[in-house]
Amino acid sequence: MIKLSIRSTVLWAMLPTVLLIYTGPAQASAFGIAADYNVFVFGDMNQSSDAEGRVAVGGNATFTNFGIGDRLAGSSDTRLVVGGDLTYNGGQIFGGNALVGGSVNTPVYFNCTPNCGVNQGTLIDFAAVHQELSALSKGLGGLSTTGSAEHKWGGIHLAGNNSDLSVFNLDGNWFSNSSYLNISGVNNDATVVFNVFGDSVSIANFGLNLGGVNKQNVLFNFVEATQLSTTGFSFAGSVLATQAHYNFNNGNVEGNLVAPSVAGSGEFHNYKFEGNLPQFAPNPTPLEPTPTPASVPEPAMGLGLIVGAAGLLHRRRSAGGATSVA
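Numbering (the numbering used here), first residue to last: 720 to 1045.
This is the structure:
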């Protein structure tokens, strides 16, 4: 009975963490709730230029001449979520509201009918989403590859086996010593995952040839990076970089971006990720129950004396009888 009780305790301790993956409105995508946002940042964001879709920032947001949501249909829903403070130095939010958890340090301009504005409150558990998407990134990084990847002739050459889910592992250092990436042997409607390994990845003036693959099915997964920098480069797909500060200048992300922080002048284009990915639950931290052993009560002293005396009397009688018989 004690063993069964311990297992029940562990199960219930694990269950709320695992269920985080399966709650929320956007379960058609492995990105969960982050799938609804063109840009999803767990910490701070300091950016100019624009994001065509929704933006969510868990920390402080500082925007300069920055537009949000200009490619979304007009409505009164939330286009910008900021968990910390918002500083908006020029630009505007199109067709929806802003939700801010901290202070609003500057005027915020809206292009919206009917009138929109800034609301105070919280909408997203950024820590929970970070845990979920970190598990996704790590899980994808552990998938078996479905083709070859070679660094040669000044470029990165990939050859797939026409799998519906095509997975390629790339050394992050290759991008610093290459000017292009070519891919073959991948169906146009396949989901393509580029797992990029390395602590620091820098990409500049780099070209992509995806051979007709739909960019809304392409994911660049930076499994280990804590620093990501791109200049003069456009991701033809979505970017999952759950541990990396992203320094993003003079280029585009043609899909979803997920990162702890981002700064720069790059543009975010609202081509949501539509590929089919497996789900990976976060690793729960189960409780370690330590059952207390049942204590055995000490016998009363009086009872011990009585038992001892009775035993002594029995031995004496037994000894006397033996002598008499002999």
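Here a beta-carbon is modelled for each residue, glycine too, at the ideal position from N, C-alpha and C.
Query: Beta-carbon spacing of residue 889, residue 868 below 8 Å; Result: yes
Query: Contact between the segment 892 to 909 and the segment 963 to 981 (3+ Cβ pairs under 8 Å); Result: no
Query: Cut-off 7 Å between Cβ atoms - residues of its own chain near residue 1019, not counting five sequence neighbours on either side; Result: Because residue 1019 carries a pLDDT of 46, less than 50, the predicted location of this residue cannot be relied on, and the following value inherits that uncertainty. Nothing meets the Cβ criterion.
Query: Spatial neighbours of residue 910 in its chain, beta-carbon cut-off 6 Å, leaving aside the 5 residues before and after; Result: 884, 936, 994 and 995
Query: For residue 880 and residue 782, the rounded distance between their alpha carbons; Result: 44 Å
Query: Beta-bridge pairing of residue 910 - partner residues as DSSP gives them; Result: 884
Query: Extent of the continuous beta strand (DSSP E) to which residue 860 belongs; Result: Segment 845 to 860 is the alpha helix (DSSP H) holding residue 860; no beta strand (DSSP E) there.
Query: Spatial neighbours of residue 916 in its chain, beta-carbon cut-off 8 Å, leaving aside the 5 residues before and after; Result: 860, 888, 889, 890, 891, 942 and 943
Query: Residue range of the unbroken beta strand (DSSP E) whose run includes residue 974; Result: Looking at the DSSP string, residue 974 is not in any beta strand (DSSP E), and its letter there is neither H nor E.
Query: Spatial distance of residue 853 from residue 959 (CA atoms); Result: 9 Å
Query: Enclosing beta strand (DSSP E) for residue 903 [first to last residue]; Result: 899 to 903
Query: Among 902, 839 and 830, the one whose alpha carbon lies nearest that of residue 791; Result: 830
Query: Cβ neighbour criterion (16 or more within 10 Å) applied to residue 949; Result: buried
Query: Residues that residue 871 bridges to, as DSSP identifies them; Result: 874
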